[in-house]
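Residue numbers (this note's numbering), protein chains in the order written: chain A, 3 to 170; chain B, 3 to 170; chain C, 3 to 170; chain D, 3 to 170; chain E, 3 to 170; chain F, 3 to 170; chain G, 3 to 170; chain H, 3 to 170. The C-beta atom is built at its ideal place from N, Cα and C for all residues, glycine as well. Comments concern the structure below.
Number of protein chains: 8
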Amino acid sequence: MKAIVSIIMGSTSDLKVMEKAAVFFNDLEIPFEINALSAHRTPEEVEVFAKNAENNGIKVIIAGAGMAAHLPGVIASMTTVPVIGVPINATLDGMDALLAIVQMPPGIPVATVGINGALNAGILAAQMIATGDTEIMEKVRNHKNTLKQKIVKANEELKAVTYKYKVN
Amino acid sequence: MKAIVSIIMGSTSDLKVMEKAAVFFNDLEIPFEINALSAHRTPEEVEVFAKNAENNGIKVIIAGAGMAAHLPGVIASMTTVPVIGVPINATLDGMDALLAIVQMPPGIPVATVGINGALNAGILAAQMIATGDTEIMEKVRNHKNTLKQKIVKANEELKAVTYKYKVN
Amino acid sequence: MKAIVSIIMGSTSDLKVMEKAAVFFNDLEIPFEINALSAHRTPEEVEVFAKNAENNGIKVIIAGAGMAAHLPGVIASMTTVPVIGVPINATLDGMDALLAIVQMPPGIPVATVGINGALNAGILAAQMIATGDTEIMEKVRNHKNTLKQKIVKANEELKAVTYKYKVN
Amino acid sequence: MKAIVSIIMGSTSDLKVMEKAAVFFNDLEIPFEINALSAHRTPEEVEVFAKNAENNGIKVIIAGAGMAAHLPGVIASMTTVPVIGVPINATLDGMDALLAIVQMPPGIPVATVGINGALNAGILAAQMIATGDTEIMEKVRNHKNTLKQKIVKANEELKAVTYKYKVN
Amino acid sequence: MKAIVSIIMGSTSDLKVMEKAAVFFNDLEIPFEINALSAHRTPEEVEVFAKNAENNGIKVIIAGAGMAAHLPGVIASMTTVPVIGVPINATLDGMDALLAIVQMPPGIPVATVGINGALNAGILAAQMIATGDTEIMEKVRNHKNTLKQKIVKANEELKAVTYKYKVN
Amino acid sequence: MKAIVSIIMGSTSDLKVMEKAAVFFNDLEIPFEINALSAHRTPEEVEVFAKNAENNGIKVIIAGAGMAAHLPGVIASMTTVPVIGVPINATLDGMDALLAIVQMPPGIPVATVGINGALNAGILAAQMIATGDTEIMEKVRNHKNTLKQKIVKANEELKAVTYKYKVN
Amino acid sequence: MKAIVSIIMGSTSDLKVMEKAAVFFNDLEIPFEINALSAHRTPEEVEVFAKNAENNGIKVIIAGAGMAAHLPGVIASMTTVPVIGVPINATLDGMDALLAIVQMPPGIPVATVGINGALNAGILAAQMIATGDTEIMEKVRNHKNTLKQKIVKANEELKAVTYKYKVN
Amino acid sequence: MKAIVSIIMGSTSDLKVMEKAAVFFNDLEIPFEINALSAHRTPEEVEVFAKNAENNGIKVIIAGAGMAAHLPGVIASMTTVPVIGVPINATLDGMDALLAIVQMPPGIPVATVGINGALNAGILAAQMIATGDTEIMEKVRNHKNTLKQKIVKANEELKAVTYKYKVN
């Protein structure tokens with residue numbers, strides 16, 4: 003089994019956010035890897051990782067980081083594999099991380115999801131791979147349908163909320 | 003020739019921003035289509051578009067919108083094709099559009115690029131398709147190399163800036 | 003009894019905010035309904051709801067949502083019944099939801115109240131209906147008077163706060 | 003002819019924003035009035051206006067103001083007629099006016115539209131009155147359809163934009 | 003004993019912030035009054051208060067309010083007695099209240115202090131009165147000296163913090 | 003003639019904003035002085051000014067500054083004369099100056115007015131002095147009445163704006 | 003032993019943030035001093051400190067302050083020793099302190115680090131001194147290497163996180 | 003002549019901001035170099051530059067960048083030479099660049115100056131070098147004195163501004 007998605011985080015303290023992507027890939031049976039690499043503290047390791055990602059069979063990279071979050075952009079600068087950035091709320095409600103990830107200059111995009119949005123990063127990665135992989139496309143479609151069932155069921159539960167002037 | 007990328011904008015006034023993606027696809031010889039569809043003013047047309055995109059051969063959708071920018075998220079809710087959102091600066095320096103696009107709830111990601119970042123949206127779309135298309139991956143790689151040449155050349159021009167205490 | 007106001011929320015977790023509107027309608031004996039519908043996870047259900055609201059006798063819709071809050075605007079795009087939007091504080095103190103609701107493009111207004119302001123949404127809905135219903139106008143007037151009594155009474159309690167140099 | 007909607011602005015310099023509501027009412031043949039009244043400079047006149055609005059036949063009030071925009075809230079505190087607030091961009095991109103209008107305390111709602119959104123204020127006022135007036139509801143519906151035609155037509159114009167790899 | 007300063011708050015829940023001003027006046031033996039009056043829920047009472055303040059011997063008014071904080075500005079519009087505004091943090095870290103108080107239009111100033119800054123409001127009120135009252139000026143001067151003593155003493159305590167390479 | 007109000011600005015480039023206070027004092031025949039002193043570039047001169055202000059007969063100080071605007075707070079730390087701070091919009095729409103002036107720590111208040119609000123600073127200074135000077139109180143009252151006349155007259159001009167469905 | 007770095011804080015309550023710099027200097031065996039001095043409450047002491055710092059052998063000053071944080075800028079105005087500013091989160095997530103420190107006018111720089119970033123202030127101070135002190139440069143280099151070891155070790159721990167589809 | 007300071011910018015379009023540092027070094031006769039290197043477009047060149055800076059005799063690096071400004075942090079991660087970051091206003095008034103530069107994680111500081119503050123970056127660089135170079139310290143001191151003369155002279159010009167009630 004070879005990983006086709008790589009989850010990178012700037013610090014192991016980000017694992018509690020980033021593991022939502024891991025759980026998603028596990029559920030969809032998409033092989034993945036997880037590593038902690040810091041754009042600022044281990045730049046050489048980041049470079050080695052980024053430059054070899056494509057050859058190692060990685061199709062999408064998910065990088066999460068907080069504060070002045072450079073990790074997704076730095077990786078994106080060294081590979082043509084698409085990079086999904088997850089801004090992590092460490093300070094300022096995550097606004098610093100969001101702006102430091104999404105506002106990339108022309109030429110080097112990072113596909114940014116919402117603050118702490120690691121699950122969405124996982125889904126997006128699967129959608130990207132699905133552009134060339136019908137089996138994963140089918141898995142994405144099935145997962146999307148389960149979301150709908152959940153809220154339909156939640157709506158049912160709202161029927162239990164009763165008020166004299168509430169009409170069911 | 004069938005389009006594999008679809009560029010959608012909420013209003014034709016967004017064309018001056020979004021055409022950077024069009025020019026990019028044209029340069030890389032990636033067939034694309036452009037349409038103006040509004041999440042708020044033509045919801046039925048948006049629905050028809052989104053639900054048929056995959057069957058029509060569209061692999062990635064780029065949606066640009068300003069203000070309370072719902073277009074990318076609304077399309078993403080109706081398809082499993084990955085959607086790239088371009089926040090357009092119409093008011094508040096584009097912060098309203100950025101937040102209205104990037105902060106999607108769990109389950110429905112939008113791959114968000116920077117404010118007015120249509121060129122990056124184009125590059126990102128090509129990278130996504132390249133996960134399953136080696137020919138486009140090669141084009142993306144070549145484009146990335148030209149970026150490097152440009153700044154190397156720009157650096158040369160800085161040599162012409164002279165000061166007595168500037169060392170060349 | 004037929005509902006004349008409809009309360010919609012993007013997720014049942016929003017009930018603790020939105021129920022203030024429900025309690026208000028119950029107190030004023032205005033028949034209402036509550037449903038959880040997600041602009042992103044159940045777009046078809048949202049469409050069915052919005053397009054039939056007027057014919058079903060709904061005079062005002064209250065829609066609450068957080069993050070990239072598209073629900074009020076999406077509903078507003080599919081009906082001419084006035085839509086009141088309640089930004090819910092899920093992230094960023096609710097600023098993302100506020101901007102995603104209030105900054106609607108020309109043509110499709112959403113009557114936005116403050117962050118988590120479901121009670122005000124309820125009062126506003128009653129005021130809207132009261133433009134054509136003198137009985138509800140009378141109820142709104144009575145409710146407004148009770149607010150005044152509360153703060154007058156609160157002021158009385160301040161008299162109990164004593165300092166040597168405080169003059170009563 | 004008696005006005006059923008009243009447009010109030012804090013300063014005549016706001017007319018260039020607020021006149022979009024006036025033009026809308028004129029087009030829909032809804033009788034309206036316009037006045038400049040300042041919450042801070044003419045508080046007595048504001049009070050006389052607000053307290054008599056309902057008896058004078060006014061069904062909805064639209065109040066536009068900039069900076070620390072108190073006008074909509076102050077009027078709302080003195081009447082049960084619904085008040086629509088238009089934040090006007092005088093400073094800080096209009097964020098001060100938006101927050102000073104939308105963040106009303108529990109009990110006194112202001113139906114807030116987007117920054118400089120006077121057209122939406124006009125449409126919203128018509129929708130409110132239409133809850134009890136089928137003739138105006140019909141006018142609102144017709145106006146909404148024209149919006150759709152405009153963007154459908156705009157989309158046609160996009161066909162004229164040609165690139166070698168653009169598919170029409 | 004007649005009050006020369008009046009502390010007004012929009013809601014009795016603001017007392018825990020506003021009482022710092024009360025304690026300050028008590029310590030300096032400056033007679034004061036406290037009332038809860040709401041710009042939105044008791045506009046008539048606010049008007050009666052504001053219009054009679056000067057004749058009742060009030061020399062400075064301190065008004066605290068949160069959210070769309072109109073109280074200080076509304077009072078300032080109805081009196082020439084100087085009004086000090088205290089933005090109270092109820093939502094959005096108090097930024098809504100700060101902007102709704104400080105950004106007053108030309109002609110009607112509110113002397114704004116920091117978010118939750120009721121102590122500073124008290125000191126500022128004393129400074130204002132001291133412009134025409136040498137006895138209060140002396141009290142303000144004495145109070146200011148005590149502040150200095152406190153931090154000089156705090157600095158002494160820092161000497162107790164020891165590290166091998168810390169030089170005392 | 004001795005100045006009783008002192009206008010200080012951090013740079014002569016701020017004169018175009020601050021002169022509104024000067025014109026106001028001139029109109030009300032209140033003797034004043036203007037100086038450019040920088041908290042950062044001429045700290046000694048600021049100290050000399052602040053420590054002697056009270057003895058020189060200055061009753062209120064107005065200090066305007068932009069960016070990391072320390073001037074009002076630094077002066078306030080060295081005198082018990084009340085200091086009015088005017089945040090000047092040099093960068094970031096003036097938000098940096100506003101926060102650097104208004105968010106003073108407990109003990110040292112600065113009476114802050116709106117961004118570029120030098121006219122309001124002038125009026126506020128007059129109101130402060132008027133707490134102990136009935137002649138100036140009378141001037142403030144007269145000035146306030148002229149404001150009202152202006153907007154009443156402006157409202158008259160709105161009558162000239164005609165639409166078929168506008169009711170005069 | 004003479005201190006070559008001086009840590010100043012506006013209040014002893016800031017010690018829990020600022021002590022990270024102290025611990026760093028202690029670890030690197032760089033002699034330092036700590037004092038609490040307030041730009042607003044003890045301006046004379048600040049002046050004495052700043053003007054004598056260079057002669058006392060201080061090579062770098064680290065000043066931490068919250069709210070309208072003037073301390074770093076005020077010190078910088080009175081010395082040519084480089085000043086590092088640490089914005090402390092007391093209110094508004096520290097944004098007020100950040101802007102009040104970093105946005106210094108031309109001529110008087112403050113080397114600003116991140117909100118609550120006292121450790122980085124310590125490292126930066128060591129780097130500054132190291133420009134003329136090879137022994138300290140060596141210590142800085144060693145410290146930097148330890149950072150790398152920590153994250154390499156953390157990455158090892160991630161291997162213990164197991165999922166069926168996670169590839170190690 | 004060997005450069006002891008290096009000015010780096012992410013794009014030659016930043017030269018109009020960054021040249022203020024160049025002019026400052028030229029005036030103080032401090033040898034410097036200028037290069038355009040992009041963290042994202044030429045990561046290898048950035049690495050070569052950063053890793054050799056110290057050996058090449060560079061004592062301080064000034065790096066300016068806009069948007070998601072990673073350049074200063076990326077350089078700082080690869081050298082122990084102190085790095086001064088200049089946030090450049092390309093979008094969002096420069097707030098994105100400020101946060102992306104100043105909010106560095108623990109371990110890798112960037113000495114951040116104000117938005118577009120290249121002159122202050124130059125002065126700060128000179129101050130840093132002056133910690134080990136008395137000749138440059140003397141130059142810094144002289145430059146600081148000229149600033150004071152300028153504002154003293156500007157204050158003289160204010161005397162020419164005359165009003166009837168202005169006291170000179």
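Check	Outcome
Taking only three categories from DSSP, how would you classify Glu-140 (chain H)?	helix
Which residues bound the alpha helix (DSSP H) around Val-83 (chain G)?	Premise fails: Val-83 (chain G) is in no alpha helix (DSSP H) and is neither H nor E.
Specify, as a first and last residue, the run of the alpha helix (DSSP H) that Glu-21 (chain H) falls within.	17–30
Give me, in chain order, the residues of the same chain whose beta-carbon lies closer than 7 Å to that of Lys-61 (chain H); leave out the 5 immediate sequence neighbours on both sides.	Ile-6, Val-7, Val-83 and Ile-131
Using a cut-off of 9 Å between C-beta atoms, extract the partners of Asn-122 (chain A) located in chain B.	Met-106, Pro-107, Pro-108, Gly-109, Ile-110, Pro-111 and Val-112
Can you name the residues that DSSP bridges to Ala-67 (chain E)?	E:Pro-89
Compare the Cα-Cα distances from Lys-152 (chain F) to each of D:Leu-94, D:Ser-13 and D:Gln-105 and report the closest residue.	D:Ser-13
Is there a Cβ from chain G that is less than 8 Å from the Cβ of Asn-144 (chain E)?	no
Flag this pair as yes or no: are the beta carbons of Ile-32 (chain G) and Ile-138 (chain G) separated by less than 8 Å?	yes
Do Leu-126 (chain A) and Val-115 (chain A) have their C-beta atoms within less than 8 Å of each other?	yes
Give the list of continuous alpha helix (DSSP H) stretches no shorter than 4 residues that lie fully inside the segment 87–124 of chain H.	97–104
Under 8 Å between C-beta atoms, does Asp-98 (chain D) make it to chain E?	yes
So, helix, strand or coil for Val-191 (chain D), using DSSP?	Because chain D here runs from 3 to 170, residue 191 (chain D) falls outside it and cannot be looked at.
Have a look at Leu-30 (chain H) and Leu-160 (chain H) and give me their C-alpha separation to the nearest angstrom.	30 Å
Relative to the alpha-carbon of Leu-121 (chain H), which residue among H:Gln-105, H:Val-25, H:Thr-136 and H:Ile-10 has its alpha-carbon at the smallest distance?	H:Val-25
Can you pull the DSSP bridge partners for Ile-36 (chain G)?	G:Ile-9
Let me confirm a value: Ser-79 (chain A) is counted as buried when at least 16 other C-beta atoms fall within 10 Å, else exposed. Which label applies?	buried
Can you grab the Cα-Cα spacing for the pair Ser-15 (chain A) / Met-97 (chain E), in whole Å?	31 Å
Is the beta carbon of Val-48 (chain D) closer than 8 Å to that of Ile-77 (chain D)?	yes
Under 8 Å, Cβ to Cβ, is there at least one residue of chain D near Ile-1 (chain F)?	With chain F covering only 3 through 170, there is no way to say anything about residue 1 (chain F).
Taking Glu-46 (chain C) as the reference, which of A:Ala-162, A:Val-169 and A:Val-154 has the closest Cα?	A:Val-154
Should Val-163 (chain F) go down as buried or exposed, given a rule of 16 or more other Cβ atoms within 10 Å for buried?	exposed
Would you list, in chain order, the members of the segment 149–160 of chain G that have their beta-carbon closer than 8 Å to a beta-carbon of chain A?	Leu-149, Lys-150, Lys-152, Ile-153, Val-154, Ala-156, Asn-157, Glu-159 and Leu-160
Can you confirm whether Pro-74 (chain E), when its beta carbon is compared against all beta carbons of chain F, has any partner nearer than 8 Å?	no
Can you find a CB in chain B that lies within less than 8 Å of the CB of Lys-4 (chain H)?	yes
Are the CB atoms of Met-11 (chain H) and Gly-66 (chain H) within a distance shorter than 8 Å?	yes
Roughly how many whole angstroms lie between the Cα atoms of Leu-149 (chain C) and Glu-158 (chain F)?	36 Å
Leaving out the 5 sequence neighbours to the left and right, which residues in its chain are closer than 6 Å to Asn-91 (chain A) when beta-carbon positions are compared?	Ile-117 and Asn-118
Where does Lys-146 (chain E) sit, in a helix, a strand or coil, going by DSSP?	helix
If the cut is a Cβ gap below 8 Å, which residues of chain B does Val-163 (chain D) touch?	Leu-17, Glu-21, Ala-24 and Ile-36
Could you check whether the Cβ of Phe-51 (chain A) sits closer than 8 Å to any Cβ belonging to chain G?	no
Chain A partners of Asn-28 (chain C), CB-CB under 8 Å?	Tyr-165, Lys-166, Tyr-167 and Lys-168
For the segment 54–85 of chain C, list every residue whose C-beta sits within 8 Å of some C-beta in chain A, in sequence order.	Met-69 and Ala-70
Please classify Lys-168 (chain H): is it buried, with 16 or more other beta-carbons within 10 angstroms of its beta-carbon, or exposed?	buried
Could you tell me how far apart the beta carbons of Ile-103 (chain E) and Ala-70 (chain D) are, in whole angstroms, since I believe they sit closer than 8 Å?	7 Å
Name, in chain order, the residues that DSSP records as bridge partners for Val-62 (chain F).	F:Val-7
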